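Right, one structure below, let's go through it.
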Amino acid sequence: MTSNNRLALSEPLDDADVPVVGMATTTRRQEARSVMATVAALRDAGVGVRDIAVVARDLDTYEQPLARAALHYGLTPVFWTQLRVTQTSPFALVEAVCDTLGSDVLDGDTLCRPLEHRWCPPSASSDEWPLAPRTVQTQMESLPAGTRTLDEWYDELSETDGIDDRVVTYVEWLRECPSATPDAVDNVLGDVVEAYERLGLPVTNARDSQALIETERDARAVVRVQTLVRQLPHKYEDRLDEGTLTQSWNDVADLARLISTQRPGRREHSNARAVDVLEANDVWLLDVPYVIGVGLIEGEWPQTTESVLPPELQETILGGENGTNVLAPRTAWTNGRDRDQFDDTVRAAGRGLILTRHTETIDGEERRPSYLLDYLDRTIVGDDEVDNLLSPERTLPEPLREIVPTQEVMADD
Amino acid sequence: MISVTVRDRGSVSSRVLHLDPVSPADRGDLMMDTVQSRLPEDLTLHVGHEESLLGRIRDESASKELVLAPVELHRRNIQRRLRETRTPKDGVEFIDPVDVGTALLQNTDGATKTIDRIDRLSMIRSIFLDEQQSGIGPAVPADAQEVEQVRTEIENVSGFHPGRLDRIRDAARDCSAPINADSIELVDAAVDIERALRERTEKHVSEVEIVRHAIRAVRESRGELWQTTFPEVTRVSLVGVSSISAAHADLLHILLGTSSVPVHVHFRRGTGSYLSRRLPELFDIDAPGEVVFES
């Protein structure tokens, strides 16, 4: 069943263009420490932290140990992540409110979008709010076409038949919203998110399955968006002072989107003292002198994804023979994506690549190295040298010293 | 219905660039032969060597490249690299394939609203409650999330295109027993669920359907819709992908078939040599974007 084409997904990857150093420790926690010790030792040797990136396939398992280890070495990590929060309901609500307030004139659909995302008034009770999706739909259909200002909409609503009182309440609230000062951002969006937590979240809960997966996701999103809304006024004020943003709800929405590309509580711009920690899927095209790839362990990188289709059917489609060649091959059925991400990590390193793993679980079970490591010609750091790296002296292991410019060179820079 | 076939004449300007240099020569030659003879004009496939993307933006700054980057942070990486070389970003516009579909549909009578995954899951639950008596086979999972996964996987592979669904049913039938029966049941379930969702909402059932709808609209306008929506765009690229869905393949297909805009696809190295062989074969269908449902 497996065709030649299909075999291309298991061809060896190219070796790295830069020296590769391998390092193994016992536990994940030790591994995280060895990573941050390496960052600190590289910094001691004159490498700027901006010239180092730490890459994990999956930050969920590494964020906490890396953060703890960074603290130990006095480093500030920045955990970059995909814009996941922007795909959540509470974020969509905040965005829709800003967009509505930022429009001089707006059509009926834009006007009602916050209601679609379960906008509720600050003092609302759960009997009447939020509006059911079907109600919002009917209301949107009964609105006249064309764009209007908020005031014009307010006047229009009183003359339109079949308008729900709650829509009028909503438009009144919009009209009373102040212009976008940092304080107003704080108050308005704070209220919006608070009402969502109180009244919107239970809607997700009510229609969720027993496992409550969507509820958990929505609840986490609420926490993230609350953090965002707390940070937003300060950052917005800074940007206004700098003159890089103007006072408008549209710019507030843009800034919210920008901040949301990161985990909460972190900065939104690179600064000179922080070390970037990224997920491997986001590394494509990056070019950083020193890259530290973590977690090169069997079962973690690559990781197989569960599919609901029988493997035999998957194989036929991937093989692309006997007429199946017009079917789009789903590489998620293979470890293709992990191969890509590993190669991206390898290519991102401009001067040196360090790949780490651990050998035991907390319970002392063996963790085997990932076969991806076999594609690369590596120099392995000896156990003694790992111990020295983790000691207070923080001695940079010999294989790493060879790829770091000497202090004199750095001084000349 | 206008059927579009890929321009296959004289593959002079068809190129696969930047294949792995270490690949054994014979394997490379074989690939170049099979791929090149099938590549439509105006399509260039890149495997690795992302610098060619940056170089194109730098060297052809008078033109406008629409960069389709499905991974959000990849856009930031491109911007960072452009900034590092002080390349102006005027010649590039970043966009998600779904946003392309939305922008196109906004220039038609077509609606652009879509329900999200949460809505779909709750609809799937009620569909199952309503149809408990009807014959949903035992191979189909009872959990809404797994049903949704069946739907997305079959959608990913087939785009619910009639020709592709025929092929996937053939492939399912050819599996060994009893896997063949299960496979057919799963394919049918995916189609039934998509149909039931479509019947329950006036919005688009998914963002993928927005893309498909836009593809159909471009096809019916013989490319005019693309031209009026993106008049400034002189080049389109799809970058940083690890797989190609039926919808993305059809989007490229319709663009290549109805416009003269050059298209570049930048694959990553781990899957690139595989996908660069498979992509041209995905253009071997009639009426890209077509679905088995009545619209």
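Protein chains in written order, with the numbering used here: chain A, 1459 to 1871; chain B, 64 to 358.
Yeah, the Cβ is synthetic: ideal placement off N, Cα and C, and Gly gets one too.
Here the structure is a predicted model, which is why all the values come from computation and not from measurement.
*asked:* Contact criterion: CB-CB distance below 8 Å. Does ASP245/B meet it with respect to chain A?
replied: In the second sequence, counting from the first residue as 1, residue 245/B sits at position 182. With 8 Å as the cut-off, ASP245/B counts as an interface residue toward chain A.
*With which residues is ILE1750/A paired in a DSSP beta bridge?*
Residue 1750/A sits at position 292 when you count from the first residue of the first sequence. VAL1512/A, ILE1812/A, per the DSSP bridge assignment.
*Determine, using beta carbons only, whether SER300/B comes closer than 8 Å to chain A.*
Here residue 300/B refers to the residue found at position 237 when the second sequence is read from its first residue. With a threshold of 8 Å between beta carbons, SER300/B makes no contact with chain A.
*Using a Cβ-Cβ cut-off of 7 Å (strictly less than) and excluding sequence neighbours within five positions of LEU1659/A, which residues of its own chain qualify?*
Along the first sequence, read from residue 1 onward, the residue named residue 1659/A stands at position 201. Excluding residues up to 5 positions away in sequence, ASP1676, ALA1677, VAL1680 lie with their Cβ nearer than 7 Å to the Cβ of LEU1659/A in the same chain.
*asked:* Between PHE1549/A and chain B, is the shortest Cβ-Cβ distance under 8 Å, so that the two count as touching?
replied: Against the first sequence, residue 1549/A aligns to sequence position 91. Cβ-Cβ to chain B under 8 Å: no for PHE1549/A.
_Beta-carbon gap between VAL1467/A and THR1792/A smaller than 8 Å_ = Taking the first residue of the first sequence as position 1, residue 1467/A is located at position 9. Taking the first residue of the first sequence as position 1, residue 1792/A is located at position 334. For clarity, residue 1467/A is Leu in the given sequence; the question names Val instead. The answer is yes: Cβ separation under 8 Å.
*Should THR1763/A be labelled buried (16 or more other beta-carbon atoms within 10 Å of its own) or exposed?*
Translated into positions along the first sequence, residue 1763/A becomes position 305. The residue in question, THR1763/A, is exposed, as its Cβ has fewer than 16 Cβ neighbours within 10 Å.
*Grab the span of the beta strand (DSSP E) containing LEU131/B for me, first residue to last.*
Against the second sequence, residue 131/B aligns to sequence position 68. First-last of the beta strand (DSSP E) with LEU131/B: 128 to 131.
*asked:* On the DSSP bridge list, what partners appear for PHE1537/A?
replied: On the first sequence, residue 1537/A is found 79 positions in, with the first residue counted as 1. VAL1735/A.
*Please work out which residues of its chain come closer than 6 Å, Cβ to Cβ, to SER1765/A, disregarding the five sequence neighbours upstream and downstream, and give them in chain order.*
Reading the first sequence from its first residue, position 307 is the one you call residue 1765/A. For SER1765/A, where only same-chain residues beyond five positions count, the Cβ hits under 6 Å are TRP1791.
*Exposure of PRO1523/A, with buried meaning 16 or more beta-carbon neighbours within 10 Å*: Counting from 1 along the first sequence, the entry for residue 1523/A is found at position 65. The residue in question, PRO1523/A, is buried, as its Cβ has 16 or more Cβ neighbours within 10 Å.
*What's the gap between the Cα of GLN208/B and the Cα of ILE1861/A?*
Residue 208/B sits at position 145 when you count from the first residue of the second sequence. Residue 1861/A sits at position 403 when you count from the first residue of the first sequence. The straight-line gap from Cα to Cα measures roughly 49 Å.
*Should PRO1477/A be flagged as near chain B, meaning a C-beta pair shorter than 8 Å?*
Locating residue 1477/A in the first sequence gives position 19, counting from the first residue. Judged by the 8 Å Cβ criterion, PRO1477/A is not in contact with chain B.
*What is the rounded straight-line gap between the Cα of LEU1813/A and the Cα of ILE247/B?*
For the purposes of this step, residue 1813/A is taken as the residue at position 355 of the first sequence. For the purposes of this step, residue 247/B is taken as the residue at position 184 of the second sequence. Straight-line Cα distance between these residues: approximately 44 Å.
*Are the C-beta of PRO1787/A and some C-beta of chain B separated by less than 8 Å?*
The sequence position of residue 1787/A within the first sequence is 329, counting from 1. So yes, PRO1787/A belongs to the interface.
*Where does VAL203/B fall in DSSP's three states?*
If you number the second sequence from 1, residue 203/B lands on position 140. Coil at VAL203/B, not helix or strand.
*asked:* List, in chain order, every chain B residue whose beta-carbon is nearer than 8 Å to that of GLU1471/A.
replied: For the purposes of this step, residue 1471/A is taken as residue 13 along the first sequence, with counting starting at 1. Just to set this straight, residue 1471/A is Leu in the shown sequence, not Glu. Residues of chain B passing the Cβ test: ARG332, GLY333.
_Which listed residue (TYR337/B, PRO225/B, ILE158/B, SER269/B) has its alpha carbon closest to that of GLN212/B_ = Position 149 of the second sequence holds residue 212/B. Of the listed residues, the one whose Cα sits closest to GLN212/B is SER269/B.
_Taking the beta strand (DSSP E) that GLY1777/A belongs to, which residues open and close that run?_
By 1-based counting over the first sequence, the position of residue 1777/A is 319. Careful: GLY1777/A lies outside any beta strand (DSSP E), inside the alpha helix (DSSP H) at 1769 to 1777.
*Opening and closing residue of the alpha helix (DSSP H) in which LEU288/B lies*: Indexing the second sequence from 1 puts residue 288/B at position 225. Here the alpha helix (DSSP H) through LEU288/B covers 287 to 292.
*If VAL220/B sits next to VAL210/B, beta carbons under 8 Å apart, how far is it from one beta carbon to the other, in whole angstroms?*
Locating residue 220/B in the second sequence gives position 157, where the first residue counts as 1. Locating residue 210/B in the second sequence gives position 147, where the first residue counts as 1. About 16 Å; that fails the 8 Å criterion.
*Where does the unbroken alpha helix (DSSP H) through SER300/B begin, and where does it stop?*
By one-based count along the second sequence, residue 300/B stands at place 237. Run containing SER300/B: none in the alpha helix (DSSP H); it sits in the beta strand (DSSP E), 298 to 304.
*asked:* At a CB distance below 8 Å, what residues from the region 1760 to 1787 of chain A approach chain B? Give them in sequence order.
replied: SER1765, VAL1766, LEU1767, PRO1768, GLU1770, LEU1771, THR1774, ILE1775, GLY1778, ASN1780, GLY1781, THR1782, ASN1783, VAL1784, LEU1785, ALA1786, PRO1787
_I'd like to confirm the pairing. Which residues does DSSP put opposite THR1483/A in its beta bridges?_
Within the first sequence, numbered from 1, the residue matching residue 1483/A stands at position 25. Answer is HIS1816/A, bridged to THR1483/A.
*Look at the alpha carbon of LEU1744/A and the alpha carbon of ASP1734/A, and state the distance between them as a whole number of angstroms.*
If you number the first sequence from 1, residue 1744/A lands on position 286. If you number the first sequence from 1, residue 1734/A lands on position 276. Their Cα atoms are separated by approximately 12 Å.
*For VAL1476/A, three-class secondary structure by DSSP*: Locating residue 1476/A in the first sequence gives position 18, where the first residue counts as 1. Of the three classes helix, strand and coil, the one that applies to VAL1476/A here is coil, per DSSP.
*Answer yes or no: does any C-beta atom of chain A fall closer than 8 Å to that of GLU209/B?*
Position 146 of the second sequence, counted from the start, is the residue given in the question as residue 209/B. Using a CB distance cut-off of 8 Å, GLU209/B counts as an interface residue toward chain A.
*Beta carbon proximity, ASN1739/A to chain B, threshold 8 Å*: In the first sequence, the residue the question calls residue 1739/A occupies position 281. For ASN1739/A, the answer is yes, since a Cβ of chain B falls inside 8 Å of its Cβ.
*asked:* Could you check whether LEU1686/A and ALA1714/A sit closer than 8 Å to each other, using their CB atoms as the reference points?
replied: For the purposes of this step, residue 1714/A is taken as the residue at position 256 of the first sequence. For the purposes of this step, residue 1686/A is taken as the residue at position 228 of the first sequence. Yes, the Cβ-Cβ distance between ALA1714/A and LEU1686/A is below 8 Å.
*ARG1815/A CB to nearest chain B CB: under 8 Å?*
Numbered from its first residue, the first sequence carries residue 1815/A at position 357. No, ARG1815/A lies away from the interface with chain B (no Cβ there is under 8 Å from its Cβ).
*How long is the line joining the alpha carbons of ASP193/B and ASP1623/A, rounded to whole angstroms?*
Locating residue 193/B in the second sequence gives position 130, counting from the first residue. Locating residue 1623/A in the first sequence gives position 165, counting from the first residue. Looking at the backbone, the Cα of ASP193/B and that of ASP1623/A are separated by about 34 Å.
*If you measure from the beta carbon of GLY1794/A to each beta carbon in chain B, is any gap under 8 Å?*
Within the first sequence, the letter at position 336 stands for residue 1794/A. With 8 Å as the cut-off, GLY1794/A counts as an interface residue toward chain B.
*Buried or exposed: which applies to ASN1729/A, given that a residue is buried once 16 or more other Cβ atoms fall within 10 Å of its Cβ?*
As a working note, residue 1729/A is residue 271 in the first sequence. Low confidence applies here, because ASN1729/A scores a pLDDT of 48, under 50, leaving its location unreliable and the question unanswered by this model.
*Distance between beta carbons of LEU1657/A and THR1588/A, contact taken as under 8 Å*: The residue given as residue 1588/A occupies position 130 in the first sequence. The residue given as residue 1657/A occupies position 199 in the first sequence. A quick correction: the sequence has Pro, not Thr, at residue 1588/A. Contact flag correct, Cβ pair sits at about 6 Å.
_Please classify PHE151/B as buried or exposed, where buried requires at least 16 neighbouring CB atoms within 10 angstroms._
Numbered from 1 along the second sequence, position 88 holds the residue referred to as residue 151/B. First, the amino acid is wrong: residue 151/B is Pro here, not Phe. Looking at its Cβ environment, which holds fewer than 16 other Cβ atoms inside 10 Å, PRO151/B is exposed.
_Within chain A, partners of ALA350/B - CB distance below 8 Å_ = Taking the first residue of the second sequence as position 1, residue 350/B is located at position 287. Per Cβ cutoff of 8 Å: no residues; ALA350/B is ~12 Å from chain A at best.
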